[in-house]
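Reviewing the structure listed below.
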Amino acid sequence: MRTINSEKYFKEAKKNLVGGVNSPVRSFKGVGGQALVMKRGLRAQLFDYDNNAYTDYCLSWGALILGHAHRNTILAAKKTVEKGTSFGTTTREEIDMAAHIVKAVPSIERIRFVNSGTEATMSAIRLARGFTQRELLVKFDGCYHGHFDDLLTKAGSGVSQLKESSSLGIPKAHVNNTISLPYNDSEVLEKTLKKFQKEIACVIIEPVAGNMGVIPARTEFLQLLRDLTKRFNIVLIFDEIMTGFRTNAGCVQSDYKIISDMTCLGKIIGGGFPIGAYGGREEIMNCLAPLGGVYQAGTFSGNPVVMKTGLAALKLLNKDFYRVLNERCEQFAQHMNAYFTEKGISAHLSHYKSMMSIRFRSELVDNYDDALAAAGGEVYSRLFHYLLKMGIYWPPADLEAFFVSSAHSKNDLNQLADALKKFFNNKV
Ligand SMILES: Cc1ncc(COP(=O)(O)O)c(C=O)c1O
Numbered sequence: 022m023r024t025i026n027s028e029k030y031f032k033e034a035k036k037n038l039v040g041g042v043n044s045p046v047r048s049f050k051g052v053g054g055q056a057l058v059m060k061r062g063l064r065a066q067l068f069d070y071d072n073n074a075y076t077d078y079c080l081s082w083g084a085l086i087l088g089h090a091h092r093n094t095i096l097a098a099k100k101t102v103e104k105g106t107s108f109g110t111t112t113r114e115e116i117d118m119a120a121h122i123v124k125a126v127p128s129i130e131r132i133r134f135v136n137s138g139t140e141a142t143m144s145a146i147r148l149a150r151g152f153t154q155r156e157l158l159v160k161f162d163g164c165y166h167g168h169f170d171d172l173l174t175k176a177g178s179g180v181s182q183l184k185e186s187s188s189l190g191i192p193k194a195h196v197n198n199t200i201s202l203p204y205n206d207s208e209v210l211e212k213t214l215k216k217f218q219k220e221i222a223c224v225i226i227e228p229v230a231g232n233m234g235v236i237p238a239r240t241e242f243l244q245l246l247r248d249l250t251k252r253f254n255i256v257l258i259f260d261e262i263m264t265g266f267r268t269n270a271g272c273v274q275s276d277y278k279i280i281s282d283m284t285c286l287g288k289i290i291g292g293g294f295p296i297g298a299y300g301g302r303e304e305i306m307n308c309l310a311p312l313g314g315v316y317q318a319g320t321f322s323g324n325p326v327v328m329k330t331g332l333a334a335l336k337l338l339n340k341d342f343y344r345v346l347n348e349r350c351e352q353f354a355q356h357m358n359a360y361f362t363e364k365g366i367s368a369h370l371s372h373y374k375s376m377m378s379i380r381f382r383s384e385l386v387d388n389y390d391d392a393l394a395a396a397g398g399e400v401y402s403r404l405f406h407y408l409l410k411m412g413i414y415w416p417p418a419d420l421e422a423f424f425v426s427s428a429h430s431k432n433d434l435n436q437l438a439d440a441l442k443k444f445f446n447n448k449v
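Taking this note's numbering, the leading residue of the sequence shown gets 22, the next gets one more, and so forth.
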């Protein structure tokens with residue numbers, strides 16, 4: 022595979038951009054080799070500067086559920102941008118987008134838009150602390166909620182590539198404010214929440230984790246979390262930045278029929294543009310300025326181009342859309358897992374509808390320790406580079422999920438299945 026131009030541009034990138042990237046995993050540090058510099062995307066495909074085409078299963082880290090450059094989103098963006106790009110006032114586009122999300126997501130009665138997922142979780146936690154007048158924060162090992170200081174403990178995803186379980190530069194006070202618990206462990210959860218019930222402001226969780234590979238929370242665990250947080254007046258925050266609008270319009274909370282006090286969104290709702298949002302019960306949200314005493318603001322928050330484009334995407338995500346996409350993914354995962362079992366191959370796909378990840382063992386993965394034990398390490402790197410050669414772009418890091426969009430055809434998935442089979446049969 023020729024990557025001369027990627028090499029050239031990445032060298033140039035490193036002159037002024039730290040490590041050549043604006044987000045660490047893009048550097049291919051987790052898999053080695055030449056990071057790629059992409060030129061354009063269309064439907065399920067990405068094209069680099071050497072004109073290699075790749076079927077993309079990274080999809081801008083799960084944001085592009087319609088694939089690249091969907092006509093409706095491009096038209097919406099073009100039409101809106103012609104009217105001006107940012108006004109620093111309330112706009113019609115924000116009003117429409119807010120109405121759409123409030124109607125769709127059960128836990129959201131009021132919403133605030135921001136510019137990234139990190140900003141959403143960070144602000145949601147400040148609000149929960151302001152609302153409860155408490156400081157402690159509980160999260161779960163392997164869940165990633167963005168790069169906010171209080172949340173970078175045992176954070177899975179790209180953070181798992183650091184030597185420490187957290188980042189340098191985080192004051193001890195922030196770490197001391199955070200308790201990280203094992204995912205799906207009801208006993209530890211109950212003990213901890215009981216013990217610190219008067220000090221815990223909020224619990225934040227990915228109800229289906231996607232940053233230690235894909236791990237759906239056990240229903241009884243999530244229900245216990247809901248019951249305990251309600252009993253102790255702790256704010257329960259669902260981080261649905263990755264799962265929001267990925268599996269259905271009501272997000273994962275409507276699948277589980279477990280409703281949080283607050284929900285964070287991002288990725289898909291921007292239709293391919295930078296976005297974040299947090300929302301929840303009116304009583305909590307009304308503590309935000311200008312109505313309440315918790316401050317949070319943003320020059321570009323609720324940008325009309327982003328809102329219009331995001332809403333154009335969300336309008337396409339109806340029941341039929343999810344039925345077709347989810348069924349296609351279910352069939353693919355079942356087919357692959359049956360194959361692994363039949364051939365006695367020690368691997369499986371853990372998945373939740375169109376979010377999936379590969380595990381290098383047969384046993385199910387239930388928490389972060391399992392995820393680390395089931396990671397492929399050097400084998401994942403080989404698999405990643407093998408897939409690249411076959412024209413398939415996967416996330417360049419072991420613990421990241423991969424995603425399928427509505428632009429991926431059955432043939433695309435068949436091509437992926439064939440490539441995986443060849444790899445695991447040691448034919449490569
Ligand atoms: C579950 C989850 N929360 C928060 C974030 C942070 O979002 P952003 O990268 O937009 O800051 C991510 C990003 O991958 C995520 O997967």
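Ideal Cβ positions, reconstructed from N, Cα and C, are used throughout, including at glycine.
Computed from a prediction, not measured in an experiment: that's the story for all the values here.
Boundaries of the beta strand (DSSP E) in which residue i is found, first to last residue
i	result
Ile-221	221-226
Ala-56	Element bounds for Ala-56: n/a, residue is neither H nor E.
Ile-146	Premise fails: Ile-146 lies in the alpha helix (DSSP H), 138-153, not in any beta strand (DSSP E).
Phe-444	Counting along the chain, Phe-444 falls outside any beta strand (DSSP E), though it belongs to the alpha helix (DSSP H) covering 431-445.
Residue i burial status per 10 Å Cβ neighbour count (16 or more: buried)
i	result
Asn-43	exposed
Phe-108	exposed
Pro-192	exposed
Ala-74	exposed
Gly-151	buried
Glu-399	exposed
Ala-194	exposed
Lys-288	buried
Asn-205	buried
Ser-188	exposed
Thr-320	exposed
Asp-433	buried
Leu-312	exposed
Ile-404	It is Leu, not Ile, that sits at residue 404 in the sequence shown. Label assigned to Leu-404: buried.
Lys-215	exposed
Beta carbon of residue i nearer than 8 Å to that of residue j
i	j	result
Phe-353	Ala-368	no
Val-386	Ser-402	no
Thr-101	Pro-325	yes
Gly-271	Ile-296	no
Cys-285	Glu-304	no
Tyr-30	Val-58	yes
Thr-24	Gly-412	no
Gly-40	Ser-27	no
Leu-249	Glu-211	yes
Glu-130	Gly-323	no
Distance between beta carbons of residue j and residue i, contact taken as under 8 Å
i	j	result
Arg-155	Ile-258	Not really, about 14 Å apart at Cβ, beyond 8 Å.
Val-224	Leu-246	6 Å
Gly-293	Leu-63	So it is not a contact: roughly 13 Å between Cβ atoms.
Ile-200	Leu-157	6 Å
Ala-238	Ala-141	Not quite, the Cβ-Cβ distance comes to about 20 Å (not below 8 Å), so this is no contact.
Val-229	Cys-350	Going by Cβ atoms, the distance from Val-229 to Cys-350 rounds to 13 Å, so no, they are not a contact pair.
Beta-bridge pairing of residue i - partner residues as DSSP gives them
i	result
Arg-64	His-89
His-369	Arg-380
Pro-237	Val-229
Arg-133	Tyr-299
Ile-76	Checking the sequence shown, residue 76 turns out to be Thr, not Ile. According to DSSP, which records beta bridges pairwise, Thr-76 is partnered with Gln-66, Ile-413.
Val-315	Leu-309
Leu-202	Phe-161
Ile-258	Ile-225, Met-283
Phe-424	Met-376
Chain C within 8 Å of residue i, Cβ atoms only
i	result
Glu-304	Among the chains in the structure shown there is no chain C, since it carries only a single protein chain.
Ligand 2 heavy atom lying under 7 Å from the CB of residue i
i	result
Asn-232	Inclusion of ligand 2 in the displayed structure is not the case, the ligand content consisting of ligand 1 alone.
Limits of the unbroken alpha helix (DSSP H) element including residue i
i	result
Gly-287	Element bounds for Gly-287: not the alpha helix (DSSP H) but the beta strand (DSSP E), 283-287.
Lys-374	Looking at the DSSP string, Lys-374 is not in any alpha helix (DSSP H), and its letter there is neither H nor E.
Ile-25	25-37
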